[in-house]
Amino acid sequence: MARKKIFAGNWKMYTVRDEALALARGIVDGITDSPGRAVVVFAPAVHLREVAALCAGSAVMAGAQNMYFEKEGAFTGEISPAMVKDAGARWILIGHSERRHVFHETDDDVRKKLRAALSEGLFPMVCVGELLDEREAGRSEDVVRVQTERALEGLSKNEAAAVVIAYEPVWAIGTGKVATPEIAQSMHRYIRSVVAAKFGEAVAAGMPILYGGSVKPDNIAGLFAMEDIDGALVGGASLKAASFLDIARVT
Ligand code: 13P
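Now the structure itself:
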């Protein structure tokens, strides 16, 4: 079964309104439809409704970078899954390393957010990845296995089949130090084996696993050539329509 290919831009805390709309416009106008490929932009929450409206009817879908797992309530500063959907977003990024390490999100938060996303009918993209000292200590696989298992804990096979994983080694994010295709491939294959052990071969074989961390137009081809790398989650290079489009064009 051919897995879906996905290219996603994570705009993080960049872009004021005019910049966000110009960026979305540049991507929408420049993208060409490619069968079996999805293109997603994770815009800042305040721009979500307008970015989603601009993307409507195009090959680009909008997503939110974060949300809380409760339906509603006294949670000042948070946005709910229903709000994300109501704004027109289809996708939600969950457990990005900056959420985990800057805002102290735990595996338990990630698990609850994933369940909340699935019950709201949002497409979830769950991020996992080890820190540099964890890699240097030879613990990368253990760290990523625990993050993956805890995120997916308690899901049915059908629910697990709706999840996309993004492997983002923290040492590669925003550093210009992209993982080699071999390092990324080896972790992607390992993540797929972790998913297979819990949910069976069919779910694992169908699950898109994206690589993120210093992806640029000049390194995407080598990564994307690897068997278990199904696309990319792009930070810095997604802030310019031209470079993001160059990356997505690898398909
Ligand atoms: P960079 O592409 O800027 O390294 O960021 C990766 C990332 O965190 C995407 O979510």
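Heads up, the sequence shown is in this note's numbering, so the first residue is 8 and it goes up one at a time. Glycine is no exception: its CB is placed at the ideal position from the N, C-alpha and C atoms. Keep in mind the model is a prediction, meaning the values are calculated, not measured.
Name the one or two DSSP bridge partners that residue i has.
i	result
Y218	Y174 and A239
C62	Beta-bridge pairing links C62 to no other residue.
K12	R44
L100	M132
Is residue i helix, strand or coil by DSSP?
i	result
R146	coil
F49	strand
N165	helix
Taking buried to mean at least 16 other C-beta atoms within 10 Å of its own C-beta, is residue i buried or exposed?
i	result
R107	buried
P88	buried
T113	exposed
K12	buried
P176	buried
A206	Checking the sequence shown, residue 206 turns out to be Phe, not Ala. F206 comes out buried.
G80	exposed
A31	buried
A249	exposed
G242	buried
Residue i lies in the beta strand (DSSP E); which residues open and close that run?
i	result
G37	Premise fails: G37 lies in the alpha helix (DSSP H), R24 to G37, not in any beta strand (DSSP E).
Can you check which of these residues, the options, is closest to residue i by C-alpha distance?
i	options	result
G16	H111, M132 and E77	M132
I236	I180, V171, L30 and E112	V171
E77	P42, L125, G238 and S163	L125
D225	K11, G84 and P188	P188
K119	S250, F110, L55 and G102	G102
L246	R10, M20 and S41	M20
A228	P42, D253 and V151	D253
I6	K223, V153, H195 and V58	Examination of residue 6 is not possible in this model, given that the chain is present from 8 through 258 alone.
R256	Q72, A60, T39 and A209	T39
N73	R97, T182 and N165	R97
D25	L230, A94, E57 and F251	E57
Where does the unbroken alpha helix (DSSP H) through residue i begin, and where does it stop?
i	result
V202	P188 to F206
M68	Per DSSP, M68 belongs to no alpha helix (DSSP H); it is in the beta strand (DSSP E), V67 to A71.
I227	I227 to F231
E127	D114 to E127
I254	A248 to A255
P88	P88 to D93
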